[in-house]
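Sequence order for the protein chains is A and B.
Per numbering that gives the first Met the number 0, the first sequence runs over residues 0 to 342.
Per numbering that gives the first Met the number 0, the second sequence runs over residues 0 to 342.
Inspection log for the structure reproduced underneath, given as C-alpha cells.
Protein chains: 2
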Amino acid sequence: MIYTLALVGFGTVSQGLAGLLVDKADVLAQQHGATFRVTTIATRSRGTLHDPAGLDLSVALQAAQTGSLDAYPGDCLKRWDGVQAIRRSGAQVVVENTPTNLDDAEPAMTHFKTALEGGQHVITANKGPIALAYKALEQLAQKHHVHLLFEGTVLSGTPILSLARCGLGGCHISQIKGILNGTTNYILSQMEEGMGYDEALERAQALGFAEADPSADVDGWDALAKVVILANVLMGANLSVGDVEREGIAGITAADVARAKAENRRWKLIGSARRDGETIKASVQPTLIPLDDPLAGVGAAMNALTFCTDVLQSVTIRGVGAGGPQTGFAVLSDLLELHRRLS
Amino acid sequence: MIYTLALVGFGTVSQGLAGLLVDKADVLAQQHGATFRVTTIATRSRGTLHDPAGLDLSVALQAAQTGSLDAYPGDCLKRWDGVQAIRRSGAQVVVENTPTNLDDAEPAMTHFKTALEGGQHVITANKGPIALAYKALEQLAQKHHVHLLFEGTVLSGTPILSLARCGLGGCHISQIKGILNGTTNYILSQMEEGMGYDEALERAQALGFAEADPSADVDGWDALAKVVILANVLMGANLSVGDVEREGIAGITAADVARAKAENRRWKLIGSARRDGETIKASVQPTLIPLDDPLAGVGAAMNALTFCTDVLQSVTIRGVGAGGPQTGFAVLSDLLELHRRLS
Numbered sequence: 000m001i002y003t004l005a006l007v008g009f010g011t012v013s014q015g016l017a018g019l020l021v022d023k024a025d026v027l028a029q030q031h032g033a034t035f036r037v038t039t040i041a042t043r044s045r046g047t048l049h050d051p052a053g054l055d056l057s058v059a060l061q062a063a064q065t066g067s068l069d070a071y072p073g074d075c076l077k078r079w080d081g082v083q084a085i086r087r088s089g090a091q092v093v094v095e096n097t098p099t100n101l102d103d104a105e106p107a108m109t110h111f112k113t114a115l116e117g118g119q120h121v122i123t124a125n126k127g128p129i130a131l132a133y134k135a136l137e138q139l140a141q142k143h144h145v146h147l148l149f150e151g152t153v154l155s156g157t158p159i160l161s162l163a164r165c166g167l168g169g170c171h172i173s174q175i176k177g178i179l180n181g182t183t184n185y186i187l188s189q190m191e192e193g194m195g196y197d198e199a200l201e202r203a204q205a206l207g208f209a210e211a212d213p214s215a216d217v218d219g220w221d222a223l224a225k226v227v228i229l230a231n232v233l234m235g236a237n238l239s240v241g242d243v244e245r246e247g248i249a250g251i252t253a254a255d256v257a258r259a260k261a262e263n264r265r266w267k268l269i270g271s272a273r274r275d276g277e278t279i280k281a282s283v284q285p286t287l288i289p290l291d292d293p294l295a296g297v298g299a300a301m302n303a304l305t306f307c308t309d310v311l312q313s314v315t316i317r318g319v320g321a322g323g324p325q326t327g328f329a330v331l332s333d334l335l336e337l338h339r340r341l342s
Numbered sequence: 000m001i002y003t004l005a006l007v008g009f010g011t012v013s014q015g016l017a018g019l020l021v022d023k024a025d026v027l028a029q030q031h032g033a034t035f036r037v038t039t040i041a042t043r044s045r046g047t048l049h050d051p052a053g054l055d056l057s058v059a060l061q062a063a064q065t066g067s068l069d070a071y072p073g074d075c076l077k078r079w080d081g082v083q084a085i086r087r088s089g090a091q092v093v094v095e096n097t098p099t100n101l102d103d104a105e106p107a108m109t110h111f112k113t114a115l116e117g118g119q120h121v122i123t124a125n126k127g128p129i130a131l132a133y134k135a136l137e138q139l140a141q142k143h144h145v146h147l148l149f150e151g152t153v154l155s156g157t158p159i160l161s162l163a164r165c166g167l168g169g170c171h172i173s174q175i176k177g178i179l180n181g182t183t184n185y186i187l188s189q190m191e192e193g194m195g196y197d198e199a200l201e202r203a204q205a206l207g208f209a210e211a212d213p214s215a216d217v218d219g220w221d222a223l224a225k226v227v228i229l230a231n232v233l234m235g236a237n238l239s240v241g242d243v244e245r246e247g248i249a250g251i252t253a254a255d256v257a258r259a260k261a262e263n264r265r266w267k268l269i270g271s272a273r274r275d276g277e278t279i280k281a282s283v284q285p286t287l288i289p290l291d292d293p294l295a296g297v298g299a300a301m302n303a304l305t306f307c308t309d310v311l312q313s314v315t316i317r318g319v320g321a322g323g324p325q326t327g328f329a330v331l332s333d334l335l336e337l338h339r340r341l342s
C-alpha cells in the first residue's frame, strides 16, 4: 500500500523520520508492504514544499541544511502556512512535529483539528495537544474515522505505548512510574560522580541535552507532560497539567546526592501515576530509589518506565528517550501501526 | 466476537489461563469486544471434558484439583486423546500447553499439525515445536490461513515477541541477549549473597523454581530453546538446537562469584544471538557482566532481554519469566492479538 504524507514542521524529528524513510524504503516495501510518499513539507519560516508525485527527501534534507527550502529544484516551493499545507496537500497522513507548547498547544492544536476534521490521520511526537486534549482529539479522530498516533511523545522511539497496547492488553495497570526526562537524569548521574548541580547543568547544555533555558527539563515540565499522557491514555485518567504535583531537581544539592549514595540509594526524577481508589494521583518529583529498583541503574540520558500490573507484577522497559532519528523512528513505528490497522 | 477454544494440556499454564478467563471475562468483553469460550479441555491422564455450549471453567479448575476431571458434572467427560479432542472439539483456537519436549516435540508436534491442517489457530507456551520447527509450522499455518502465536515460549507473560513485532518493527536487530532462565538467575543471585552452588540449587528446588532433575535449567537447555526461538523468529535465522553453543552454570564456583564481585562484575547465564556477517551466532553461557549493564541488576528469578538495534540502540525489557498465571497471561495476550488480526 502507498500512503501519502504531509510533514508539518521539519525540525530534528521530522528530519530524523525523513532520513529513515530514505534509508529504509526497501525494507518497508519488502518486509511490510508499505510505501510512504511525502508529498508536502511545511515549515514556519523556511517555506513549504509540495509535489503530488512525492518529494525527493534526500534533496529536501540537504535544502533544509541551508536554512531555507529555496534550494529544492523545480517549482515545488509554495507560500502555504501549516493549515493550508494540511488542506491543500491532499495527504492521507499528517505528521505534525512543530515545537511542543504546553500553554495552549498551538499551532499544533489547530493543525491537528484541521487534519482530523478533514479526514486525515495524524501522527505526532508533539506532546502539547496530547497532554492538553487527548480525549477530545481522540473523539474527533473517531468521529471522522481516522487514527491519532503519538508513540514519540514519550521515551522517543523506545516503544511504550505500543508495549502497553499490544503486550499488556488485558492487564490492569495500577501504577506507571519512570525516568521520563534524559536531561535531568544526566545531571543527577553527573552529580553522583561528584559534580555540582551548576557544573552538571552546564555540561548537559554543552552536550546539547539541555536548552539554554533549561526550565522545561529541570523544573519537570517535560516529564509532567509525559505523565499526563501516560495516565490519560493508559490508565483512563482525565488529568490536566495542573493536576500533577511537580517538583524539579534544582533543589537537589551535592550533599543530598552524597548522603543518598552512602545509604545505597539514588536520587531520580520520577514521574508517576498511580490509582488511589477511583482517582489517579500523579506527580513528578525527585525520589530516593533503592539500588535494587530497576530504575536505579538507569544512568546518563537514558529513560525507563515501570508498569505495575495485576498479573505480570512489574514490567520495566528502558531505552533512549530523545534524539532526532530515535523520535523519527517513533513516527515510523506509528506509520507501520497505521498500516497494520488499515490493511 | 466469540471464539471457541480447546485447551490441550491442563497443567499450570492452561489453569493459569482458565483463571484469567474467569476473572477477566467482563473486561475482555467490554474493553476488547472478545468472548473466549472453552468448549474442550483435554488432558493426557485426567480425561477430556467437552461441552459445545462452553465449559464452566471455575468448576473445571476445581475438578482438576482432585487429580481427575470425573468430578465435572453432566456427561461432559469423553475418552478422547489430544488428537481426537482437537478434531472433534470443533474449536476455532487450539491452546496447546502439554509439557515441553526438546527431542522430538511430541506429542505437541502432532497436536500442532492436526490443528493447523484442520484450519484451527494454534496458541502455545510450549517451546518444543517452536524451537524445533518454527519455519515449517509457520508455513503450514499460512497454507491453511490460520495463525500460530507463542508469546509464552519466552519470558512467560513479559511481552517480548509482541514488543519486537509492534514496537521494534522497522528496526534492524543486530543482537538479542538476555537472562532467559529464572532458576539459574536465582541460583547465581544466591551465590552472590554467599551461598554455595549446591545449597542455592537445593533452595531453588525447595521454592519450586527448579525441578528434581534440574538439568533443563542449570545445563542451559531451557535458555537454549528460547535463544533458538528468538533468533529464528525475530532475526530470520534458521538455527537448530544443535547450532547453539551451550554451557550451564554448574561449573561456576563460589570463588568465581566472589572474584567477579570484587571486580564490580556479575556472573549471569546469558542467552545470545548476534549477526556475524550473513550468519547468526547463538550461545548460552555464563558471562561476566559489568555492573552498569542493564542485565546486571536483574536479580532473583527475574528475566530480561536486550535488543541491540540500528536506530534505537539498546532497548531492554525485564519482568517475570515464569509462573502459571503469568504464562497463562501470555496465552491471553496472544488471544487478544488473534482478535485484533481477525476483527
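In this text, a Cβ means the ideal position worked out from N, Cα and C, and glycines have one as well.
- When DSSP states are grouped into helix, strand and coil, B:Ser-214 belongs to the helix group.
- When Cβ-Cβ separations below 9 Å define contact, A:Val-314 makes contact with chain B.
- DSSP places A:Gln-174 inside the beta strand (DSSP E), whose first and last residues are 172-178.
- Closest by C-alpha distance to B:Asp-255, out of B:Met-190, B:Lys-77 and B:Gly-270, is B:Met-190.
- Straight across, the Cα-Cα distance linking B:Val-330 with B:Leu-337 is about 10 Å.
- Nearest in C-alpha terms to B:Ile-85, of all of B:Phe-328, B:Ala-249, B:Asn-125 and B:Ala-5, is B:Ala-5.
- Rounded to the nearest angstrom, the gap between the Cα atoms of B:Thr-305 and A:Thr-99 is 31 Å.
- In summary, B:Gln-119 is buried, with 16 or more beta-carbon neighbours lying within 10 Å of its beta-carbon over all protein chains present.
- A:Gly-195 and A:Thr-252 have their alpha carbons spaced roughly 7 Å apart.
- For A:Gly-270, the uninterrupted beta strand (DSSP E) segment begins and ends at 264-275.
- For B:Pro-128, there are no neighbours in chain A by C-beta distance under 8 Å, as the nearest C-beta there is about 22 Å away.
- The beta carbon of A:Val-243 does not come within 9 Å of any beta carbon belonging to chain B, so the residue lies off that interface.
- Boundaries of the alpha helix (DSSP H) around A:His-110: 107-116.
- A distance of 9 Å or more separates the beta carbons of B:Lys-77 and B:Thr-42.
- Flagged as an interface residue toward chain B: A:Arg-317, by a C-beta distance shorter than 9 Å.
- For A:His-120, the enclosing beta strand (DSSP E) stretches over residues 120-123.
- B:Asn-184 sits in a helix when the DSSP states are folded into three classes.
- Going by DSSP, A:Arg-86 is part of the alpha helix (DSSP H) stretching over 81-88.
- At a Cβ-Cβ threshold of 9 Å, A:Gly-15 and A:Gly-323 count as neighbours.
- Neighbourhood of B:Lys-23 in chain A, by CB distance below 7 Å: Gly-169, in chain order.
- Burial is judged here by how many other beta carbons sit within 10 angstroms of a residue's own beta carbon; B:His-144 has fewer than 16 and is exposed.
- Taking 9 Å as the CB threshold, A:Gln-325 lines the interface with chain B.
- In the pairwise beta carbon analysis, the segment 174-184 of chain B is classified as touching the segment 309-329 of chain B: at least three pairs are separated by under 8 Å.
- For B:Ala-130, same chain residues with a beta-carbon under 6 Å away, outside a window of 5 residues either side, are Ala-224, Val-227 and Ile-228 in chain order.
- Excluding the 5 residues flanking it on each side, B:Ala-104 has same chain C-beta neighbours closer than 6 Å at Gly-127, Pro-128 and Leu-131, in chain order.
- Relative to the Cα of A:Leu-101, the nearest Cα in the group A:Ser-214, A:Ala-303 and A:Arg-274 belongs to A:Ser-214.
- Counting along the chain, the unbroken alpha helix (DSSP H) around A:Gly-15 starts and ends at 11-22.
- Of all residues in the segment 266-296 of chain B, only Leu-290, Asp-291, Asp-292, Pro-293, Ala-295 and Gly-296 come within less than 9 Å of chain A when Cβ atoms are compared, listed by chain position.
- For B:Leu-162, at least one C-beta of chain A is nearer than 9 Å to its own C-beta.
- Excluding sequence positions up to five before and after A:Ser-332, its CB lies within less than 6 Å of the CB of Glu-150, all in the same chain and listed in chain order.
- Here DSSP, grouped into helix, strand and coil, assigns A:Phe-328 to helix.
- Within the model, the alpha-carbon separation for B:Val-58 versus B:Gly-73 is close to 12 Å.
- Taking one beta carbon from each stretch, the segment 152-166 of chain A and the segment 282-297 of chain A have fewer than 3 pairs nearer than 8 Å; the two do not touch.
- In the structure shown, the three-state DSSP call for A:Cys-165 is helix.
- With 16 or more neighbouring CB atoms inside 10 Å of its own CB, B:Leu-334 falls in the buried class.
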